[in-house]
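Student:
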Amino acid sequence: MSRGIFFGGAQSLDNDLVRKCVIRIPEVTIRLREAQKIMDQSEEYVDLMSLMNSENRDFQNFLKYRGALAAAVQTGLYDRYRKTQAEPAIFLGHANGKFAAGQCCGAESFEAMILESIKPSTPSAPVIQGLEMPILSRGATNARVHSFEVSDGEGFCESPQECYDVVSMIEKLADEKGLTQLIIIGPGLDAIGELIDHPVRERVQMLETIEMDPLLGWFWSDIKRLEAVPA
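For the sequence shown, this note's numbering assigns the number 67 to the initial residue and increments by one for each residue that follows.
(1) Kindly indicate which residue of 102, 162, 211 has the alpha-carbon position closest to the one of residue 78.
(2) For residue 163, report the span of its beta strand (DSSP E) as first-last.
(3) So is residue 273 buried or exposed if we call it buried at 16+ other beta carbons inside 10 Å?
(4) Measure from the alpha carbon of residue 141 to the alpha carbon of each residue in 169, 296, 293, then state which is nearest.
(5) Looking at C-beta atoms only, is the number of pairs between the stretch 107-119 and the stretch 131-140 that lie closer than 8 Å three or more?
(6) Kindly indicate which residue of 120, 166, 74 has the alpha-carbon position closest to the one of residue 87.
(7) Name the DSSP bridge partner or partners of residue 250?
(8) So, for residue 224: in the same chain, excluding its five sequence neighbours on each side, which residues have a beta-carbon less than 8 Å away from its beta-carbon?
(9) Can you look up residue 156 in the DSSP assignment and give me helix, strand or coil?
(10) Between residue 266 and residue 237, which are expected to be in contact by the criterion C-beta below 8 Å, what is the C-beta distance as a whole number of angstroms?
(11) Could you tell me which residues DSSP pairs with residue 245 in its beta bridges?
(12) Apart from the five residues just before and just after residue 138, which ones in its own chain have a Cβ nearer than 6 Å to its Cβ?
Here it is, written out as structure tokens:
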């Protein structure tokens, strides 16, 4: 069985309930504190824990740091995953998820990941001014899917192949690398919404790290309970 791990984008952190619950996970808190030290040294005057605890309307004013927050959170979730599970053979990072994917496979340091994640972003796919963007096929996005695989026993290296379609990438890995299981680090499954009812799931089992952790059974149930409380 070949196992891969998929780091989604930062969209799950747009939900304040997810942000406030995920910082209760010790490994996530440790990584956020580490990221805060890097921010302080780089003279980025922002309190990451305050942003994680903020209401959605306030969080939207600091989107510059959303990538850094997602990278730190996902790295913390991966740290926790690795305490009980073996290292996967393939790392995939979609959109902002490329930062955590590169760091967790050892391709770059945590500090480099955080500093890179706060740089102004540029479109991953080419955009021509004055031309209407084409309608994308299901699973395709304007964000590249980054793939890191073991290269000749020298650690993980990023594949030079460009792909903007999550479904196509997973199908390709199933065909060529024997991928049979994909672990999702979001939090949540928002990043693979296109795959919820896709036939590829008959070939590749998909699990979410928080759901598969018996000690985090409170996470999604707490979010559902809080969502049911009248505002």
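Glycine included, each C-beta is placed from N, C-alpha and C at the ideal position.
Tutor: Per the coordinate set shown:
(1) 162
(2) Unbroken run through residue 163 is the alpha helix (DSSP H), 163-170; no beta strand (DSSP E).
(3) exposed
(4) 169
(5) yes
(6) 120
(7) 72, 274
(8) 168, 173, 212, 213, 214
(9) strand
(10) 5 Å
(11) 68
(12) 97, 98, 101
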